[in-house]
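Down below is the structure, laid out as structure tokens.
In mature numbering (1 follows the signal peptide of the UniProt record, and there is no 0), the protein residues as written are -20 to -1, 1 to 274.
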């Protein structure tokens, strides 16, 4: 049975990952309690299944290393930053878990760099440093993600839908699809990986709850808002040319959603439309759970 530690409780994935780890689906494979690292343990109450460990990941490396001694699996859900990445690298190198699941999630980074060279390289560098320390690392890519209830409303604007103007501007074909994963599915997939034999796992896993086209999600959005959108389309080629110009100006965090839209505009296997996935690795024949589609 695995002893598991989790970093990064405050983001989108913290709650669904802990919920999955606490569930009966994985309880016979986990040596409880799961250690959940947080800067503010007053917001949480430890149980027999989750022990909240107070610590600032970037500042309390030595204390957290001691607290996590003997852990088999480290799961990181933190937002990437040089300080946090370096701290987790130091902690993992000292603790020597059998498996590290770093904070990847989202796009297939290597494929997305066909559109934006160097995109999210900080995540790649983090995984490489962990591997260079002799650790088994599994990167999990999920496509776009969100909750089942809010996914359509949050993602339709990303592909160009504007409810105020009742217009949608597609980059690339409206029929181009993108992969997505619902947060509860990601939580279960992470738990499945964390409780698997590390030697049986590849270095990268791509999972998806499903795929949906740009026009299909806009149609769902329009139906929910009682809006009929007027559509325009920018060709794949023109979208790529504009993306290259924007990228030449340097990374701009305020343009992150645009970067995702531009990646979608390039179609299959450019970072967000997975034509192949590893769902069978984490959930063979869908026996452990049913993937949530929108």
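Even for Gly, the Cβ is constructed at its ideal location relative to N, Cα and C.
- In this structure, the straight-line span from the alpha carbon of residue 193 to that of residue 50 is close to 45 Å.
- Around the beta-carbon of residue 157, 16 or more other beta-carbon atoms lie within 10 Å, marking it buried.
- The beta-carbon distance between residue 92 and residue 251, rounded to whole angstroms, is 3 Å. This is short enough to meet the 8 Å contact definition.
- Residue environment for residue 237: exposed (fewer than 16 other C-beta atoms within 10 angstroms of its C-beta).
- For residue 41, same chain residues with a beta-carbon under 7 Å away, outside a window of 5 residues either side, are 67, 70 and 71 in chain order.
- Assigned with DSSP and collapsed to three states, residue 202 falls in helix.
- The C-alpha of residue 163 is placed about 11 Å away from the C-alpha of residue -1.
- Taking C-beta atoms as the reference points, residue -16 and residue 77 count as a pair closer than 9 Å.
- CA-CA distance, residue 198 to residue 123, rounds to 18 Å.
- Considering only 48, 106 and 20, the residue with the shortest C-alpha distance to residue 62 is 106.
- When the five nearest sequence neighbours on each side are left out, the beta carbons in the same chain lying within less than 8 Å of the beta carbon of residue 21 are those of 32, 33 and 34, in order along the chain.
- In the three-state DSSP reduction, residue 209 falls in the coil class, being neither helix nor strand.
- Classified as exposed, residue 221 has fewer than 16 neighbouring CB atoms from the shown chains inside 10 Å of its CB.
- Spatial neighbours of residue 47 in its own chain (CB-CB distance under 6 Å, excluding positions within 5 residues in sequence) are listed in chain order as 33.
- The residues 216, 219 and 245, in chain order, have a CB closer than 6 Å to that of residue 152 in the same chain once the five nearest residues on each side in sequence are set aside.
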